[in-house]
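Chains as they are written, first to last, in UniProt numbering: chain E, 1 to 159; chain G, 1 to 159.
Just so you know, even glycine gets a beta-carbon here, dropped at the ideal spot from N, CA and C.
Quantities reported herein were computed from a predicted structural model and do not represent experimental measurements.
Here is the structure we will look at.
There are 2 protein chains.
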Amino acid sequence: MAEASNSDTGKENPTFKIRRLEISDKRKGYMELLGQLTVAEPLTDDEFDQRFQEISSYGDDHLICVIEDESSGKIAATGSVMIEKKFLRSCGKVGHIEDVVVDSEFRGKHLGKRVVEFLTDHSRSMGCYKVILDCSVEKKVFYEKCGMFNRGIQMSKYF
Amino acid sequence: MAEASNSDTGKENPTFKIRRLEISDKRKGYMELLGQLTVAEPLTDDEFDQRFQEISSYGDDHLICVIEDESSGKIAATGSVMIEKKFLRSCGKVGHIEDVVVDSEFRGKHLGKRVVEFLTDHSRSMGCYKVILDCSVEKKVFYEKCGMFNRGIQMSKYF
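Quick look at the structure:
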């Protein structure tokens with residue numbers, strides 16, 4: 001029963017490892033996973049590597065995490081957080097969570113919650129006073145389960 | 001009449017200069033202006049300089065702009081934008097606008113709109129496919145006048 005429960009939640013399931021994005025994750029379906037969130041055209045290895053290096057140059061200020069299903073070698077979930085440095089709140093910092101997505105094949109295993117917790121923990125360890133994200137109204141209940149609450153609205157302008 | 005109109009909008013008024021934040025803006029009331037937005041305790045010169053250098057190290061990827069009222073030498077408005085680099089949308093970029101505030105003394109002169117336009121123009125010139133921000137429901141109409149539209153909700157968690 002305990003095993004079945006672990007398998008249901010995926011929480012203690014050793015097959016799901018959460019870690020930082022690695023350059024080899026392109027081969028493990030990382031871009032295809034992003035394609036389940038929004039438009040994510042295939043990239044050449046060079047394009048991927050270049051963007052990977054650009055993001056890596058920010059060190060802990062821009063972290064992309066993935067959950068790998070080690071039994072299949074496939075990226076099952078991802079999310080990112082960018083640390084913003086402010087002058088207000090005594091030179092406070094804010095974690096901006098972006099692009100959280102779980103592969104449709106792996107949903108219902110609480111992987112999304114693990115991603116958000118990982119990014120939230122990272123933000124806390126970086127000294128942030130809060131972590132924020134934007135989502136659709138439909139996702140509100142999910143993020144409330146992650147300990148977040150609705151604070152305002154998002155406005156956007158597309159070019 | 002033309003002069004009165006310019007004075008009303010502040011748009012062509014030469015007394016209001018929009019530019020990047022400079023280290024000397026601490027003496028021009030920059031922190032006090034942020035204090036009209038949220039908690040912004042006074043900083044020592046060293047604290048301010050250090051955060052200024054940290055943000056400056058990102059170059060064009062983190063821009064803070066100010067509008068200075070040159071007749072009084074006071075910072076009248078400010079806002080910032082952070083450029084996020086993604087893998088999705090063909091290595092797309094997004095501008096995150098933060099901390100837009102106009103000094104209560106200078107409201108009604110369209111300075112907030114100038115700040116948002118400046119940050120939006122910067123994001124476009126950096127190759128972003130969109131610019132986003134979070135605000136209270138009360139500010140929705142203002143940002144609609146800046147060409148933005150409501151796209152979702154903001155969730156947050158305070159530590």
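Query	Result
Quick one: any contact between the region 66–85 of chain E and the region 115–130 of chain G, if contact means 3 or more CB pairs under 8 Å?	no
Is there at least one Cβ from chain G nearer than 7 Å to E:R51's Cβ?	yes
For the beta strand (DSSP E) containing G:K157, list its first residue and its last residue.	F149 to Y158
Taking CB distances under 7 Å as the criterion, tell me whether E:M148 reaches chain G.	yes
Please confirm if G:R19 has its CB atom under 7 Å from at least one CB of chain E.	no
Is G:T120 helix, strand or coil by DSSP?	helix
Indicate the three-state DSSP secondary structure (helix, strand or coil) for G:M82 in the structure shown.	strand
Can you check DSSP and say which residues form a bridge with G:A77?	G:I67 and G:V102
Going along chain E, which residues have a C-beta under 9 Å from G:Q154?	I132, L133, D134, C135, N150, R151, G152, I153 and Q154
Decide if E:D60 is buried, meaning its Cβ has at least 16 other Cβ atoms within 10 Å, or exposed.	exposed
So, is the C-beta of G:E3 closer than 7 Å to a C-beta in chain E?	For G:E3, the predicted model reports a pLDDT of 40, less than 50, meaning its position is unreliable and no value from the coordinates is stated.
Could you name the residues of chain E that G:L37 contacts, counting a contact when the two beta carbons are closer than 8 Å?	L88
Based on the DSSP secondary-structure assignment, which residues constitute the bridge partners of E:F16?	E:D69
Between the region 53–74 of chain E and chain G, which residues of the former have a C-beta closer than 7 Å to a C-beta of the latter?	E54 and I55
Given this structure, state the Cα-to-Cα distance separating E:F52 from G:E105, to the nearest angstrom.	45 Å
So E:F159 contacts chain G; which residues on that side make the cut at Cβ distance below 7 Å?	R124, C128, Y129 and K130
Quick one: which chain E residues come within Cβ less than 7 Å of G:T44?	Ordered by position in chain E, no residue passes the 7 Å Cβ test against G:T44, which lies about 10 Å from the chain.
Near E:K85, which residues of its chain fall below 6 Å by C-beta distance, leaving aside the five closest residues on each side in sequence?	K93
Quick check on this structure: which residue in G:K26, G:R20 and G:I97 has the alpha carbon closest to the alpha carbon of G:S56?	G:R20
Give every residue of the same chain whose Cβ lies closer than 6 Å to the Cβ of G:I64, excluding the five residues on either side of it in the sequence, and list them in chain order.	L21 and S80
Below 8 Å on the Cβ atoms is my guess for G:I153 versus E:V137; work out the distance and round it to an integer in Å.	6 Å
Take E:N150 and list the residues in its own chain whose beta-carbon comes closer than 7 Å to its own, dropping the five residues that flank it on each side.	K140
From E:F48 to G:M82, what does the alpha carbon distance come to, in whole angstroms?	21 Å
Excluding the 5 residues flanking G:K28 on each side, which residues of the same chain have their C-beta closer than 7 Å to its C-beta?	E68, G73, K74 and I75
Starting from E:C135 and walking both ways along the beta strand (DSSP E), at which residues does that stretch end?	C128 to C135
How would you write the range of the alpha helix (DSSP H) that E:L21 sits in, first residue to last?	It is not in any alpha helix (DSSP H) - E:L21 carries neither H nor E in the DSSP assignment.
DSSP three-state call for E:V141: helix, strand or coil?	helix
Can you check which of these residues, G:D99, G:F142 and G:D121, is closest to G:G108 by C-alpha distance?	G:F142
Output yes or no for whether 7 Å exceeds the beta carbon distance between E:S156 and G:K145.	no
Tell me the DSSP secondary structure of G:G95 in three-state form.	strand
Between E:F87, E:F118, E:E54 and E:L88, which has its C-alpha nearest E:I97's C-alpha?	E:F118
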